[in-house]
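For the sequence shown, our numbering assigns the number 41 to the initial residue and increments by one for each residue that follows.
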Amino acid sequence: MNINAPSILQEELTAMLLQQNVSCTSIIVTLFGDVVSQHGEWIWLGSIIDALSPLGFNERSVRTSVFRLVQNDWLVTKKIGRKSYYCFTERARSHYERAERRIYHTSHSDWDTHWILVLNISIPEEKLEDFRKSIRWLGFNILSPGLFAHPSPDRRSLDEMLIENKLTSSVAVFKAQSNDVCSKAVLKELITDKWQVDTLADLYQNFLDTFREVAKYTDIAELNDTDSFAFRLTVLHEFRRIQLKDPDLPPELLPIGWVGFESQDLLQRVYKNLTPGSLFFIQNKLFNAHGELPSPSLSFYNRFSDPINSMDTV
């Protein structure tokens, strides 16, 4: 990206989103997860339109996408007078909370060399496809028919998924370890192949190539509030899209100098730089049924496991 002045930023972001073929529906999910969930959970439809307008999404696209999200049980709506307001459904909130634990936290604990195995014992046929999608999203991969594995999964997310899908009595969860030297070499090859580490590295490298220049710009210049919000939403959305494909493997099983860590550092730096301006936009230009969106929840300041300083001017 070539940024000469803050006024050009919105055009650059719009062009980038078009090039990446980003759907309006997908970025609305990011808006609710990153912003609305932290500011009272409800937002007026007109404010969704206003929030996405700087990124080139028109009113018709937003209305159509919001309708689809309601139909797909991602958003719930309530009407007050002639105005419609929207909030995550419980299902969507739970899904995004699991994603949030990966997106906004950078700590990587030492791997204990154990793997978690999930064996399908008696999952009903009608639930099998949803189970496969859910466990793959958690970073698990198929080792053999009915057997899924991950070297270091988020156990809380796994347990939540099994409970929500009522599958706790349909699977067996094991903890396994191999100290055999030959097996370690084979497992390393398995990781590269099954989890497509090289493809994931390319995605992170593209993220860095796309946003590195603008990240430097935010270090030395203060963007206006609209540009700050638009850039924060865009960079977070693009990182989230990669996270959906990232199995979150332990550092010990990743290539030396893993590009994903640099990408996370870049996101964290940009996000913090854009926080003051983006919060001003959110709390002064976006509305719910009670008026302007409220200050963010306390959990917002704990994102990236390094609390962002409170903004007294917001």
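Every residue gets a Cβ at the ideal spot worked out from N, C-alpha and C, and that includes glycine.
Only a predicted model underlies this, so the values are computations on that prediction, with no experimental measurement involved.
What do you reckon, are the CB atoms on residue i and residue j nearer than 8 Å?
{"i": "Leu57", "j": "Leu109", "result": "no"}
{"i": "Gln283", "j": "Ile143", "result": "yes"}
{"i": "Asp288", "j": "Gly179", "result": "yes"}
{"i": "Ile163", "j": "Leu207", "result": "yes"}
{"i": "Asn205", "j": "Ser184", "result": "no"}
{"i": "Glu200", "j": "Ser134", "result": "yes"}
{"i": "Gly73", "j": "Glu130", "result": "no"}
{"i": "Val310", "j": "Phe251", "result": "yes"}
{"i": "Ile161", "j": "Lys215", "result": "no"}
{"i": "Leu187", "j": "Leu230", "result": "no"}
{"i": "Thr65", "j": "Ser105", "result": "yes"}
{"i": "Asp265", "j": "Asn313", "result": "no"}
{"i": "Tyr126", "j": "Trp82", "result": "yes"}
{"i": "His79", "j": "Phe344", "result": "no"}
{"i": "Leu240", "j": "Asp286", "result": "yes"}
{"i": "Ser149", "j": "Tyr244", "result": "no"}
Would you kindly work out how many angstroms separate the C-alpha atoms of residue i and residue j, rounded to a whole number?
{"i": "His154", "j": "Tyr257", "result": "42 Å"}
{"i": "Leu276", "j": "Leu227", "result": "32 Å"}
{"i": "Ala255", "j": "Leu71", "result": "21 Å"}
{"i": "Leu293", "j": "Asp242", "result": "17 Å"}
{"i": "Ser124", "j": "Thr117", "result": "7 Å"}
{"i": "Ser87", "j": "Gln308", "result": "26 Å"}
{"i": "Gln60", "j": "Arg281", "result": "11 Å"}
{"i": "Pro46", "j": "Ser223", "result": "Caution applies to Pro46, whose pLDDT of 39 falls short of 50 and renders its modelled position unreliable; the model cannot decide the point."}
{"i": "Asn33", "j": "Phe271", "result": "Residue 33 lies beyond the stretch modelled for the chain, which goes from 41 to 354, so this question has no answer here."}
{"i": "Leu263", "j": "Gly317", "result": "7 Å"}
{"i": "Glu52", "j": "Phe247", "result": "15 Å"}
{"i": "Thr274", "j": "Val211", "result": "38 Å"}
{"i": "Asp194", "j": "Phe128", "result": "23 Å"}
{"i": "Arg138", "j": "Lys119", "result": "29 Å"}
{"i": "Trp177", "j": "Thr232", "result": "17 Å"}
{"i": "Ile182", "j": "Phe171", "result": "12 Å"}
{"i": "Asp346", "j": "Ile89", "result": "Because the pLDDT of Asp346 is 48, which lies under 50, any placement of that residue in the model is unreliable, and the question is left without a value."}
{"i": "Asn219", "j": "Phe279", "result": "35 Å"}
{"i": "Arg100", "j": "Ser63", "result": "13 Å"}
Compute the beta-carbon to beta-carbon distance between residue i and residue j, rounded to the nearest angstrom, for a pair I have assumed lies under 8 Å.
{"i": "Phe340", "j": "Leu333", "result": "Not quite, the Cβ-Cβ distance comes to about 12 Å (not below 8 Å), so this is no contact."}
{"i": "Trp151", "j": "Ser197", "result": "Going by Cβ atoms, the distance from Trp151 to Ser197 rounds to 17 Å, so no, they are not a contact pair."}
{"i": "Ile322", "j": "Val102", "result": "So it is not a contact: roughly 17 Å between Cβ atoms."}
{"i": "Val237", "j": "Pro295", "result": "7 Å"}
Residue i lies in the beta strand (DSSP E); which residues open and close that run?
{"i": "Lys118", "result": "115-120"}
{"i": "His330", "result": "Run containing His330: none; DSSP gives neither H nor E here."}
{"i": "Trp155", "result": "154-160"}
{"i": "Phe214", "result": "211-217"}
{"i": "Phe128", "result": "123-128"}
Starting from residue i, trace the alpha helix (DSSP H) in both directions and tell me its first and last residue.
{"i": "Ala91", "result": "85-92"}
{"i": "Arg100", "result": "99-111"}
{"i": "Thr274", "result": "265-283"}
{"i": "Val69", "result": "64-74"}
{"i": "Ser339", "result": "Where Ser339 is concerned, there is no enclosing alpha helix (DSSP H), given that its DSSP letter is neither H nor E."}
Please name the residue or residues paired with residue i in a DSSP beta bridge.
{"i": "Leu187", "result": "Leu159, Ser184"}
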